[in-house]
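Heads up: the protein sequence lines correspond to chains A and B, in order.
Each residue of the first sequence is one higher than the one before, counting from 126 in this note's numbering.
Each residue of the second sequence is one higher than the one before, counting from 94 in this note's numbering.
Think of the CB as a built atom: it goes at the ideal place given N, C-alpha and C, for glycine as much as any other residue.
Reviewing the structure listed below.
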Amino acid sequence: MGSVKWRIILIAIVVIVALFYLYPTLKLVSLSDEEKAAMPAEEYAELRNKSIHLGLDLQGGMHVVLEIDKTAIEDGDLDNTMNKAETVIRNRIDKFGVAEPLIQKQGNDRLVVQLAGVKDEQRAKELLGRMALLEFRLLKEGDEFRQVIATVDESLKGEIREITVDLEAEEFERELEEAAMDSDTTGLRDELESEISRGRSLLSMVTFIPLGSGESVHENSMVVGKYRMAVKEILEMADARGLIPVDVQVLWDSEVRQGKDDTFQYIYLAERKPQLTGKHIKSASVSFGLDPDYPNMPGIRMEMNRVGRSLFAKATGENIGRRLAIVLDDNVHSAPNIKEKIRSATASITGSFDADQAKGLAVVIEAGALPAPLIFAEERTVGPSLGRDSIRSGVRAAIIGLIAVAVFMVIYYQLSGLLAILALILNLIIVLAALGGMRGTLTLPGIAGIILTIGMAVDANVLVFERVREELGLGKTVRRAIKDGYSRAFYTILDANVTTLIAAAVLYQFGTGPIRGFAVTLSIGILASMFTAIIVTRTVFDAITSVKRIDKLSI
Amino acid sequence: MRFFTKPNFDFIGKRKSAFLFSAVLIGAGLISLAVHGGPKLSIDFKGGVLVQVKFDRQVTTEEIRSSLDGVGYGGVEIQKFSSGDEFILRGPYEEDKDVSGEMIAGIRLDMPGTSVDVRRVELVGPKIGSELAKRATLAVGIALLAILVYIAWRFEFRFAIAAVVTLLHDILVTLGLFSLTGREISLAVIAAFLTIVGYSLNDTIVVFDRIREDLRKYHRQPYNEVVNASINETLSRTVITSLTTLVVVLFLFFLGGEVLRDFSFALFVGVIVGTYSSIFVASPILVEWNKKSPAKRR
């Protein structure tokens with residue numbers, strides 16, 4: 126312990142430095158929204174940068190861990206795929222316009238994405254999770270499609286029967302009910318029952334409708350609502366997939382449409398090899414009136430690059446009379462008929478989405494497709510309203526806790542208690558200043574850490590005060606008692622706090638995000654409380670006793 | 094003001110009753126854990142989806158269940174806040190489905206006139222969950238080990254063992270109480286456990302420190318008397334610090350909001366148990382140990 130003078134200088138330096146680092150935060154908090162708006166952008170950004178950052182759990186935001194679907198990529202291609210995925214995600218977020226996004230690789234197959242202040246969680250999720258694989262693929266129609274279906278029917282009779290028998294039974298009940306109203310049903314019952322046991326064939330569940338007239342006759346194929354799930358189930362069986370030739374694929378329309386009696390969904394057989402892909406798209410934007418039937422519906426207008434243009438011209442020129450489907454993530458958005466070779470450079474996607482969804486879609490198409498699907502392995506999103514509530518309740522708990530502890534200390538230790546409160550407040554200032562100075566992040570558990578520190582920080586003072594009381598009880602003079610009390614309490618304080626610091630360090634090492642914030646505030650709080658209890662209060666005692674002789678200590 | 098003037102309670106003499114009390118407390122917790130098949134883990138560790146929604150009016154649990162039923166999630170766990178307009182829904186994690194999105198869409202679709210504020214969405218895949226569980230267990234283990242080493246270095250090996258046994262006692266009691274009250278163990282609760290470890294240890298060490306000092310000072314007195322005197326000498330401090338900490342933890346529990354409730358509950362229990370154990374568990378272990386193999390004293 127140096128002389129009183131030097132210690133006062135040291136304390137003054139600590140206080141000044143602390144206030145220096147705390148100042149930006151105080152200023153930011155005191156500014157009204159209008160004043161913030163009136164500030165030059167650069168100045169405001171710097172002020173924010175120097176202030177205590179709020180964690181996503183306090184300001185609202187999204188923390189997502191995306192894991193690459195390793196089954197979808199070839200061995201040894203992981204690094205490459207990850208790099209591509211990271212670029213694509215970064216592109217999308219940049220185009221979407223989120224302030225200060227954080228995108229980081231974690232391990233060899235994960236991406237961590239943090240978006241502050243996201244208001245629409247669903248849209249953000251689509252932005253991150255959507256493959257956005259855009260392809261222009263030629264369709265196979267009519268007999269070719271029937272042939273594929275017939276092959277599946279033939280080879281998987283038993284399985285298909287199993288799937289459709291229940292369906293038939295339900296339908297049978299319905300028909301019977303209807304029939305019962307106007308006639309005798311015994312004959313019908315026998316007839317239907319034998320039908321049920323046969324089940325249904327896949328072919329009978331797909332409806333083919335001729336489309337157009339004259340030279341360009343096409344056939345649209347669709348499945349009505351009551352058969353949809355059964356057809357999906359059959360086609361998704363591994364055996365069925367094996368029966369479909371490798372160069373083609375069955376695709377569904379992106380929409381389930383409303384028919385006269387039931388809903389229906391178009392189904393297509395498309396070539397696997399795309400004529401061109403999203404790589405050939407230069408830009409994509411939201412546009413209205415793309416579908417003349419629905420002039421008010423938003424759609425996406427895409428412009429191709431040079432390569433895309435020549436590929437498109439070639440594909441259309443060589444396939445006049447066929448249909449070219451625009452496929453996004455394996456869903457067909459439209460399948461126009463090629464009437465002539467097209468040299469223009471635009472294409473469009475329409476469907477039933479609102480303007481926001483269309484904008485999101487345009488962004489992902491323009492930013493490019495993900496090289497492999499990304500799985501949401503972890504997500505933690507806090508809405509702005511909950512963040513605000515958390516700050517409010519946290520600050521309230523802290524202030525009331527502080528007041529309660531302060532009142533207790535003054536009642537129990539009188540003037541010395543006042544000194545402990547001074548130490549406590551200084552303690553808080555140091556914790557917050559350190560957070561600001563270290564560019565640390567304040568989280569909700571971090572606030573809890575500060576509140577806990579309020580309770581525990583007085584501990585060092587209590588240890589000292591109790592010891593001083595004991596020494597006074599032995600009949601020592603005030604000066605002597607203070608000196609012995611502090612020196613005896615020193616090692617106790619040290620040992621007791623080091624162990625808590627160990628726990629906090631482990632917590633920091635193993636914890637994630639918010640928990641780390643807790644470990645940080647707890648650690649700084651403990652260090653600060655040792656400083657305030659051992660040096661600051663001691664110095665005040667020494668300063669007073671060195672100025673004048675005190676016979677009775679208010680403790 | 095003083096709570097105690099020269100206290101002289103016979104803590105060591107009551108150690109058998111204290112051991113019994115601890116045993117009953119831990120036993121009850123262990124039975125509850127066994128009945129429930131282990132601690133109730135939050136989605137942080139077992140994986141799952143959590144959605145917190147707030148409405149602009151009072152809503153019943155049945156209303157929500159029926160809207161969730163419409164999208165195939167009628168079976169999820171629905172927790173209603175005391176305010177009556179806020180809920181937490183806990184659903185399963187499904188890799189290829191946006192469970193939280195579908196639940197929210199289902200509610201919005203079914204309650205067109207009501208505004209639905211999505212306050213929080215958490216999703217943890219089973220892989221990340223088991224990783225977090227591993228890390229949490231490892232963290233508690235490493236913390237205990239590091240503390241063991243530190244105390245063995247600063248004090249004596251038997252002090253270190255007594256301290257760590259005390260910590261295990263505190264964790265078991267808290268874990269048991271969590272199981273008995275049906276609370277979930279989440280990441281935040283693990284953080285609280287580690288804080289309890291730090292706090293309880295703080296208490297224990299203050300007492301041990303005094304024991305170490307007094308053993309040297311009164312080396313002719315019987316071991317258990319010295320230990321008992323040390324506990325009494327530090328009693329004021331133990332009680333005051335516990336009180337101030339308890340007060341702030343209580344404010345945190347009542348005012349800190351729903352997100353921190355389990356966390357502050359763990360701290361609340363931990364502070365009480367930690368204070369009790371530093372008096373009734375840690376020091377008596379030293380006394381028992383000394384009976385088996387008396388320490389060398391100068």
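Residue i (DSSP reduced to helix, strand or coil)
{"i": "B:G291", "result": "helix"}
{"i": "B:R303", "result": "helix"}
{"i": "A:N345", "result": "strand"}
{"i": "B:E277", "result": "coil"}
{"i": "B:S371", "result": "helix"}
{"i": "A:S408", "result": "strand"}
{"i": "B:Q314", "result": "coil"}
{"i": "A:Q400", "result": "coil"}
{"i": "A:V661", "result": "helix"}
{"i": "A:N462", "result": "strand"}
{"i": "B:F358", "result": "helix"}
{"i": "A:T332", "result": "strand"}
{"i": "A:M126", "result": "Any reading at A:M126 must be qualified, since the residue scores a pLDDT of 49, below 50, and its modelled position is unreliable; no value is offered."}
{"i": "A:F413", "result": "strand"}
{"i": "B:E179", "result": "strand"}
{"i": "A:I125", "result": "Only positions 126 to 680 of chain A appear in the structure, and residue 125 of chain A is not among them; the question remains open."}
{"i": "B:G167", "result": "coil"}
{"i": "B:G350", "result": "coil"}
{"i": "A:Y391", "result": "strand"}
{"i": "A:V375", "result": "strand"}
{"i": "A:K673", "result": "coil"}
{"i": "A:L599", "result": "coil"}
{"i": "B:V258", "result": "helix"}
Where the beta strand (DSSP E) containing residue i begins and where it ends
{"i": "A:T471", "result": "T471 to I474"}
{"i": "A:T506", "result": "L499 to V507"}
{"i": "A:R426", "result": "P423 to M429"}
{"i": "B:K147", "result": "G141 to F148"}
{"i": "A:L449", "result": "L449 to L453"}
Counted within 10 angstroms of its Cβ, other Cβ atoms place residue i as buried (16 or more) or exposed
{"i": "A:D315", "result": "exposed"}
{"i": "A:E293", "result": "buried"}
{"i": "A:S329", "result": "exposed"}
{"i": "B:N101", "result": "exposed"}
{"i": "B:F286", "result": "buried"}
{"i": "A:W377", "result": "buried"}
{"i": "A:Q231", "result": "exposed"}
{"i": "A:E105", "result": "Nothing can be reported for residue 105 of chain A: it is not among the residues displayed for chain A, which extend from 126 to 680."}
{"i": "A:S155", "result": "exposed"}
{"i": "A:R505", "result": "buried"}
{"i": "B:G218", "result": "buried"}
{"i": "A:I134", "result": "exposed"}
Continuous alpha helix (DSSP H) stretch holding residue i: start and end
{"i": "A:K608", "result": "V603 to F635"}
{"i": "A:Q482", "result": "A480 to A492"}
{"i": "A:V356", "result": "G350 to E361"}
{"i": "B:N383", "result": "S376 to K385"}
{"i": "B:R108", "result": "R108 to V128"}
CB contact check: residue i to chain C, cutoff 7 Å
{"i": "A:Q239", "result": "Note that chain C does not occur in the displayed structure, where the protein chains are A and B."}
Scan the region 622-635 of chain A for residues whose Cβ lies nearer than 9 Å to a Cβ of chain B and list them as they occur along the chain. N622, V623, T624, T625, L626, I627, A628, A629, A630, V631, L632, Q634 and F635
What ranges does the beta strand (DSSP E) occupy inside the region 227-311 of chain A, keeping only unbroken runs of at least 3 residues that lie completely in it? 227-231, 235-241 and 259-265
So if I threshold CB-CB distances at 9 Å, which residues from the region 211-226 of chain B count as touching chain A? V211, R212, R213, V214, E215, L216, V217, G218, K220, I221, G222 and L225
Name, going along the chain, the residues of the region 578-601 of chain A whose beta-carbon falls closer than 7 Å to a beta-carbon of chain B. I579, G580, M581, V583, D584, V587, L588 and E591
Runs of 4 residues minimum, wholly inside the region 190-227 of chain B: which ones carry the alpha helix (DSSP H) assignment? 192-203
Enumerate, from N- to C-terminal direction, the unbroken alpha helix (DSSP H) stretches of 4 or more residues contained entirely within the region 149-221 of chain A. 158-163, 166-175, 181-184 and 203-221
Given a limit of 8 Å on CB to CB distance, which residues of the region 349-363 of chain B reach chain A? G349, G350, V352, L353, F356, S357 and L360
Taking Cβ-Cβ distances below 9 Å as the criterion, which residues of the region 162-180 of chain B are in contact with chain A? none
Between the region 247-266 of chain B and chain A, which residues of the former have a C-beta closer than 9 Å to a C-beta of the latter? R247, F248 and A256
Residues of the region 509-523 of chain A with Cβ closer than 7 Å to any Cβ of chain B, in chain order: S510, L511, D514, S515, S518, G519, R521 and A522
Contact residues within the region 372-383 of chain B, judged by C-beta distance below 8 Å to chain A: none
The region 643-655 of chain A: which residues have C-beta closer than 9 Å to a C-beta of chain B, in chain order? F643, A644, L647 and I651
Relative to chain A, which residues along the region 304-329 of chain B have a C-beta separation below 9 Å, given in chain order? E306, E326, T327 and S329
Where the region 484-504 of chain A meets chain B: residues whose CB sits under 8 Å from a CB there: I500, F501, A502, E503 and E504
Any residues in the region 338-357 of chain A with a beta carbon nearer than 9 Å to a beta carbon of chain B? Which ones, in chain order? none
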